[in-house]
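Student: Taking the working numbering, the leading residue of the sequence shown gets 182, the next gets one more, and so forth.
The following block contains the structure, expressed as structure tokens.
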Amino acid sequence: MEIKAFRAINPHPLYAEQFIFGDNNLKASLKSADGNAYLDLLLREGAYQQVREAQFYIFQVEENGLRQTGVWALVATEDYRAGRIKKHEAILPEKVKAIIAVEGKPVLLTYLPDQSIASYIADVVAGIPYVRYDHCGKSYKIWLAGLELAERFKQVTSLYVADGHHRLEGATASHISAILMSGDQLKVLPYHRYSNANFDWEELNHLFLMKSSFSDEPVYPHLRGRFGMRLDGQWYELVTQHPLYAYDSEFLAAEVFKDREVFFGHDLTKISPNATVFTLCPLEIGDVIRIADVGEILPAKSTWIEPKLPFGLLVYRHQTAY
Numbered sequence: 182m183e184i185k186a187f188r189a190i191n192p193h194p195l196y197a198e199q200f201i202f203g204d205n206n207l208k209a210s211l212k213s214a215d216g217n218a219y220l221d222l223l224l225r226e227g228a229y230q231q232v233r234e235a236q237f238y239i240f241q242v243e244e245n246g247l248r249q250t251g252v253w254a255l256v257a258t259e260d261y262r263a264g265r266i267k268k269h270e271a272i273l274p275e276k277v278k279a280i281i282a283v284e285g286k287p288v289l290l291t292y293l294p295d296q297s298i299a300s301y302i303a304d305v306v307a308g309i310p311y312v313r314y315d316h317c318g319k320s321y322k323i324w325l326a327g328l329e330l331a332e333r334f335k336q337v338t339s340l341y342v343a344d345g346h347h348r349l350e351g352a353t354a355s356h357i358s359a360i361l362m363s364g365d366q367l368k369v370l371p372y373h374r375y376s377n378a379n380f381d382w383e384e385l386n387h388l389f390l391m392k393s394s395f396s397d398e399p400v401y402p403h404l405r406g407r408f409g410m411r412l413d414g415q416w417y418e419l420v421t422q423h424p425l426y427a428y429d430s431e432f433l434a435a436e437v438f439k440d441r442e443v444f445f446g447h448d449l450t451k452i453s454p455n456a457t458v459f460t461l462c463p464l465e466i467g468d469v470i471r472i473a474d475v476g477e478i479l480p481a482k483s484t485w486i487e488p489k490l491p492f493g494l495l496v497y498r499h500q501t502a503y
């Protein structure tokens, strides 16, 4: 797989709290038609900084003792069009937007564990990072890496989209910024569904067997084919009566929500208490890779894969890439 070095842009540590973790208009400004001009202003004022020569970067985020480490590089959008960068989720047309000139957040790609790449990364992170940011218990670090890293990725035949399907779909430039993490570095969490539409028990009884009911305690299933459901403020544990669907998000889309408007969320505390919620068992990263390899497509928003990066932490500008 081809990866390409570039001149990275990142916030100066003294300004990270203001621009990355604070409440400001950075995202709207960088994604606007005047994004390049605004980025020039940030560079002139020293709020952001750019490396002098094109190179690769090792990126690491750490929280609660969990370290997730990968390579920050450019990948060719032609590899996505040709199927060498493989997707596993459907694309929502209304979510696809062209990237004008500045990318404030890389897509997240994964690959099968590779000892050669892992050893190289381990050697680099043993040194002092180029820059570090700390915020709310999370630590973000970037190391500078040599151009020889490209040779190690030539033996990787496929990359898989972990996060950023719609950004890849909307990419028009020859390359896009990406964090490439081995599958064993990623964390897959459940991505729940909810709707404000009406559901009645007669309909649900045709689709599920009720295993048990609870009061106001959320149900988080740990097996496929089982769901938590909050209906009228009451939580239930349900088992599907339709074993024909390999994946739970497919079943919910086809048999439960149908033409109802559906929303997606990882954090139940941010979902309206009046909504009907279905909680799902998360997939494993091996499932994601198998689905992509055989060309299957899950409904949009079937997976929540971490790490999730704050906008503006890792910036790539097309016209100054090389």
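Ideal placement from N, C-alpha and C gives every residue a C-beta, glycine not left out.
Quantities reported herein were computed from a predicted structural model and do not represent experimental measurements.
Within 10 angstroms of the Cβ of LEU328, are there 16 or more other Cβ atoms? Answer buried if so, exposed if not.
Tutor: As a first step, residue 328 must be located in the sequence shown, where it is residue number 147. Label assigned to LEU328: exposed.
Student: Look up ILE382 in the DSSP assignment and give the residues it is bridged to.
Tutor: To locate residue 382, count along the sequence shown from 1; it is residue 201. First, the residue type needs correcting, since residue 382 is Trp and not Ile in the sequence shown. DSSP lists no partner for TRP382.
Student: Indicate the three-state DSSP secondary structure (helix, strand or coil) for TYR503 in the structure shown.
Tutor: Position 322 of the sequence shown, counted from the first residue, corresponds to residue 503. Annotation note: pLDDT 36 at TYR503 (below 50); position unreliable, coordinate value reported separately. It is coil, neither helix nor strand.
Student: Around the Cβ of PHE395, are there at least 16 other Cβ atoms within 10 angstroms (buried) or fewer (exposed)?
Tutor: Working through the sequence shown from its first residue, we reach residue 395 at position 214. By the neighbour-count rule (16 or more Cβ atoms within 10 Å), PHE395 is not buried but exposed.
Student: Could you compute how far the alpha carbon of ASP413 sits from the alpha carbon of PRO463?
Tutor: Sequence index remark: in the sequence shown, residue 413 carries index 232 (1-based). Sequence index remark: in the sequence shown, residue 463 carries index 282 (1-based). Cα to Cα, ASP413 sits roughly 24 Å from PRO463.
Student: Mind checking who PHE237 pairs with in its DSSP beta bridge?
Tutor: For the purposes of this step, residue 237 is identified with residue 56 of the sequence shown, where counting begins at 1. Partner(s): ALA326.
Student: State buried or exposed for ARG471, treating a residue as buried only when at least 16 other CB atoms are found within 10 Å of its CB.
Tutor: Position 290 of the sequence shown, counting from 1, holds the residue named residue 471. Exposed: under 16 other Cβ atoms inside 10 Å.
Student: Helix, strand or coil: how does DSSP classify TYR301 here?
Tutor: Translated into positions along the sequence shown, residue 301 becomes position 120. Three-state DSSP puts TYR301 in a helix.
Student: Just to confirm, is the Cβ distance from LEU494 to TYR301 under 8 Å?
Tutor: Here the question's residue 494 lines up with position 313 in the sequence shown. Here the question's residue 301 lines up with position 120 in the sequence shown. No.
Student: Evaluate TRP382 with the Cβ neighbour count: other Cβ atoms within 10 Å of its Cβ, from every protein chain shown; 16 or more gives buried, anything less gives exposed.
Tutor: Locating residue 382 in the sequence shown gives position 201, where the first residue counts as 1. TRP382 should be labelled exposed.
Student: DSSP three-state call for ARG225: helix, strand or coil?
Tutor: What you label residue 225 is simply residue 44 of the sequence shown in a count that begins at 1. Here ARG225 sits in helix by DSSP.
Student: Could you check what DSSP says for LEU207 in three-state terms: helix, strand or coil?
Tutor: Along the sequence shown, one-based indexing puts residue 207 at 26. In this structure, LEU207 counts as helix in the three-state DSSP scheme.
Student: Which of the three DSSP states, helix, strand or coil, is assigned to LYS392?
Tutor: What you label residue 392 is simply residue 211 of the sequence shown in a count that begins at 1. Residue state, collapsed to three classes: strand.
Student: Please determine if the segment 385-404 and the segment 301-315 are in contact, where contact requires at least 3 C-beta pairs separated by less than 8 Å.
Tutor: Taking 8 Å as the limit for Cβ pairs, the verdict is that the segment 301-315 does not touch the segment 385-404.
Student: Considering only residues of the same chain and omitting the five flanking positions on each side of ALA331, which have a CB-CB separation below 6 Å?
Tutor: For this step, residue 331 is matched to residue 150 along the sequence shown. Cβ neighbours of ALA331 beyond the five flanking positions: ILE184.
Student: Can you tell me which of VAL475, ILE452, VAL256 puts its alpha carbon nearest to the alpha carbon of PHE237?
Tutor: Residue mapping note: residue 237 aligns to position 56 of the sequence shown, counting from 1. Per the Cα distances, VAL256.
Student: First and last residue of the beta strand (DSSP E) that includes THR291?
Tutor: Mapped onto the sequence shown, residue 291 falls at position 110. THR291 -> beta strand (DSSP E) spans 288-292.
Student: For SER376, which three-state DSSP category applies?
Tutor: As a first step, residue 376 is located in the sequence shown; it is residue number 195 there, counting from the start. Of the three classes helix, strand and coil, the one that applies to SER376 here is strand, per DSSP.
Student: So, for ARG348: in the same chain, excluding its five sequence neighbours on each side, which residues have a beta-carbon less than 6 Å away from its beta-carbon?
Tutor: Locating residue 348 in the sequence shown gives position 167, where the first residue counts as 1. Cβ neighbours of ARG348 beyond the five flanking positions: VAL288.
Student: Alpha carbon to alpha carbon, how far is ASN245 from GLU350? Give it in angstroms, no decimals.
Tutor: Stepping through the sequence shown from its first residue, residue 350 is reached at position 169. Stepping through the sequence shown from its first residue, residue 245 is reached at position 64. Each residue's Cα considered, the two are about 33 Å apart.
Student: Going by other Cβ atoms of all chains shown within 10 Å of its Cβ, with 16 needed for buried, is ASP260 buried or exposed?
Tutor: Sequence index remark: in the sequence shown, residue 260 carries index 79 (1-based). Buried.
Student: Apply the 10 Å Cβ neighbour rule to TYR497 and answer buried if 16 or more other Cβ atoms are within range, or exposed otherwise.
Tutor: For this step, residue 497 is matched to residue 316 along the sequence shown. Burial call: buried.
Student: Residue range of the beta strand (DSSP E) that GLY409 falls in?
Tutor: In the sequence shown, the residue the question calls residue 409 occupies position 228. Here the beta strand (DSSP E) through GLY409 covers 407-412.
Student: Less than 8 Å separating the beta-carbons of ALA235 and ALA282?
Tutor: Counting from 1 along the sequence shown, the entry for residue 235 is found at position 54. Counting from 1 along the sequence shown, the entry for residue 282 is found at position 101. No, the Cβ-Cβ distance between ALA235 and ALA282 is not below 8 Å.
Student: Does the Cβ-Cβ distance between TYR311 and ILE323 come in under 8 Å?
Tutor: Within the sequence shown, numbered from 1, the residue matching residue 311 stands at position 130. Within the sequence shown, numbered from 1, the residue matching residue 323 stands at position 142. For TYR311 and ILE323, yes; Cβs fall inside 8 Å.
Student: Do you know offhand how far TYR503's Cα is from ARG188's?
Tutor: The residue you call residue 503 lines up with position 322 of the sequence shown. The residue you call residue 188 lines up with position 7 of the sequence shown. Since pLDDT at TYR503 reaches only 36, below the 50 mark, its modelled position is unreliable, and the value read off the structure follows with that caveat. Rounded to the nearest angstrom, the two C-alpha atoms are 7 Å apart.
Student: With respect to 7 Å, is the separation between the Cβ of ALA481 and the closest non-hydrogen atom of the ligand HEM below this value?
Tutor: As for the ligand HEM, it is missing from this structure, which has no ligand bound.
Student: Terminal residues of the continuous alpha helix (DSSP H) containing HIS356?
Tutor: Numbered from 1 along the sequence shown, position 175 holds the residue referred to as residue 356. Per DSSP, HIS356 belongs to no alpha helix (DSSP H); it is in the beta strand (DSSP E), 356-363.
Student: Going by DSSP in three states, GLU244 sits in which element: helix, strand or coil?
Tutor: For the purposes of this step, residue 244 is identified with residue 63 of the sequence shown, where counting begins at 1. Reduced to three states, the DSSP call for GLU244 is strand.
Student: Does the beta-carbon of VAL400 have 16 or more other beta-carbons within 10 angstroms, so that it is buried, or is it exposed?
Tutor: Residue 400 sits at position 219 when you count from the first residue of the sequence shown. Classification for VAL400: buried.
Student: Using the rule of at least 16 other Cβ atoms within 10 Å of the residue's Cβ for burial, across every protein chain shown, is LEU390 buried or exposed?
Tutor: Sequence index remark: in the sequence shown, residue 390 carries index 209 (1-based). When all chains shown are included, LEU390 counts as exposed.
Student: So what's ASP295 in DSSP terms, helix, strand or just coil?
Tutor: Numbered from its first residue, the sequence shown carries residue 295 at position 114. ASP295: coil per DSSP, three-state reduction.
Student: Taking just the CA atoms, how far does THR250 sit from ASN379?
Tutor: Walking along the sequence shown from the start, residue 379 turns up at place 198. Walking along the sequence shown from the start, residue 250 turns up at place 69. Taking the straight line from one Cα to the other gives about 44 Å.
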